[in-house]
Structures are given as C-alpha cells and as structure tokens.
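Reading the sequence shown from the start, the letters are residues 301 to 439 in the working numbering. Backbone N, C-alpha and C fix where the C-beta goes; we use that ideal spot for every residue, glycine too. See below for the structure under consideration.
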Amino acid sequence: PYSCGLCKKSFVVKSDLDRHNETHSQIRQFSCEICGKSFIHKNTLNAHVLKHSEQACFSCEVCNKTYLTKCSLRRHLRTHDEDDKFSCNICGKKFTEMRTLHIHERRHMGDLPYSCNFCDKKYAAKGALVKHIRVHLRR
C-alpha cells in the first residue's frame with residue numbers, strides 16, 4: 301500500500317496516491333463561475349457545477365426529494381430505512397452509516413484528531429477540517 305505523508309490515508313494504487321497528494325496543494329486552478337468555489341481537478345469542478353443545475357433527475361419515491369446523481373439518491377434512501385440505522389449510545393441520535401456514528405461519538409468523547417495548521421481549532425471529522433481550512437486559504 302501507498303500512504304500519504306501528510307494525512308496517513310493509504311491507497312492500493314500509486315496513481316491514486318499521486319492524485320490524492322494534489323488535494324493537499326493550495327493551488328486550485330478551476331473555479332466555479334456561479335459560486336466561486338475552486339477545485340484542483342476540472343472533473344471535480346464539472347461535478348460541482350451540476351449541483352447548481354435545477355435538473356435533478358433522480359427522485360425519491362418516499363418523500364419526493366430530487367437528486368442530481370443516482371449515488372446521491374441511494375445515499376438518501378438509506379435515511380428512510382429504519383432497520384439499518386445506527387444509534388448513539390450516549391444521546392440516541394441515529395445515523396444511516398456506522399462511519400458517521402463513529403465520527404459523532406468522537407465529539408462526545410472529546411476526540412478531535414484533526415487539527416488546523418493555521419489556528420488551534422480541532423475537528424472530529426476530516427471533512428470538517430478541510431472545509432474549515434478553506435476559510436484560511438480564501439484570505
């Protein structure tokens with residue numbers, strides 16, 4: 301396996317590691333003309349631009365919410381399946397994915413392993429840290 305030297309994420313294929321390493325770069329040359337959000341890869345920008353489109357093609361048969369991709373609809377459908385929910389033992393909040401429950405439980409335990417290099421904020425989820433870091437990079 302190939303591991304990232306910055307965040308320790310591992311990959312089976314070296315080219316996947318190489319692509320991942322670009323996410324740590326501050327160079328984001330592809331910008332959305334609608335909202336200004338910028339991306340490292342053009343295909344990621346293209347996928348993002350679809351989110352601004354009002355042509356959501358995939359509709360939930362339970363609640364009629366619409367989604368741009370089949371993957372997003374599938375993820376949403378899990379929220380309607382009561383049997384597959386994971387519950388927090390501390391507060392009872394329910395989650396559709398075990399991974400999301402574990403991140404939530406970290407907050408209860410004060411386990412915030414993702415630290416910002418620009419300030420002293422810490423997060424339970426890597427995605428929350430990445431979103432936060434954008435605040436610093438926009439300045």
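- Measure the Cβ-Cβ separation of TYR414 and LYS426 and say whether it is below 7 Å. In contact: TYR414 and LYS426 (Cβ atoms closer than 7 Å).
- Message: DSSP has SER331 in a bridge; who is on the other side?
- Response: SER338
- Decide if LEU429 is buried, meaning its Cβ has at least 16 other Cβ atoms within 10 Å, or exposed. buried
- Using beta-carbon positions only, say whether VAL362 and HIS376 come within less than 7 Å of one another. no
- Alpha carbon of LYS314 to alpha carbon of LYS308, nearest angstrom: 14 Å
- With DSSP as the reference, label SER353 as helix, strand or coil. The answer is coil: DSSP assigns SER353 none of H, G, I, E or B.
- Query: Taking C-alpha atoms, which residue in HIS324, LEU306 and GLY336 lies nearest to ARG438?
  - Reply: Relative to the Cα of ARG438, the nearest Cα in the group HIS324, LEU306 and GLY336 belongs to GLY336.
- Query: In three-state DSSP terms, what is LYS308?
  - Reply: Reduced to three states, the DSSP call for LYS308 is coil.
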